[in-house]
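Residue numbers (the numbering used here): 1451 to 1553.
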């Protein structure tokens, strides 16, 4: 496994006295399921989910604004929040999260 891609799993292994190089793919999958469950359990639904921008951070623009969605994961963001002035000129938009994960 690439050490930097599994830093949470590696950190947990070290705290438990396990050498990270001993971990396999099934450990990574189990960790992902654990983290997903922890996030879903602790999360709260927004008051109006139809109006939630997934940009990090959202600039919360006032008034009417244009949105664009990621062609990989489907997340929606305000064009202002991701510095896009003309969304029609962008053929395929990939959000920063998918860019970080898949490149």
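In this text, a Cβ means the ideal position worked out from N, Cα and C, and glycines have one as well.
Query                                                                                                                                  : Result
Can you tell me which of the three DSSP states residue 1468 falls into?                                                                : coil
Determine the closest residue to residue 1504 out of 1459, 1517, 1475 and 1527, with distance taken between C-alpha atoms.             : 1527
Have a look at residue 1480 and residue 1486 and give me their C-alpha separation to the nearest angstrom.                             : 10 Å
Mark residue 1533 as exposed unless 16 or more other C-beta atoms lie within 10 angstroms of its C-beta, in which case mark it buried. : exposed
Does DSSP put residue 1485 in a helix, in a strand, or in coil?                                                                        : helix
When you compare only the Cα positions, how much space is there between residue 1466 and residue 1546?                                 : 33 Å
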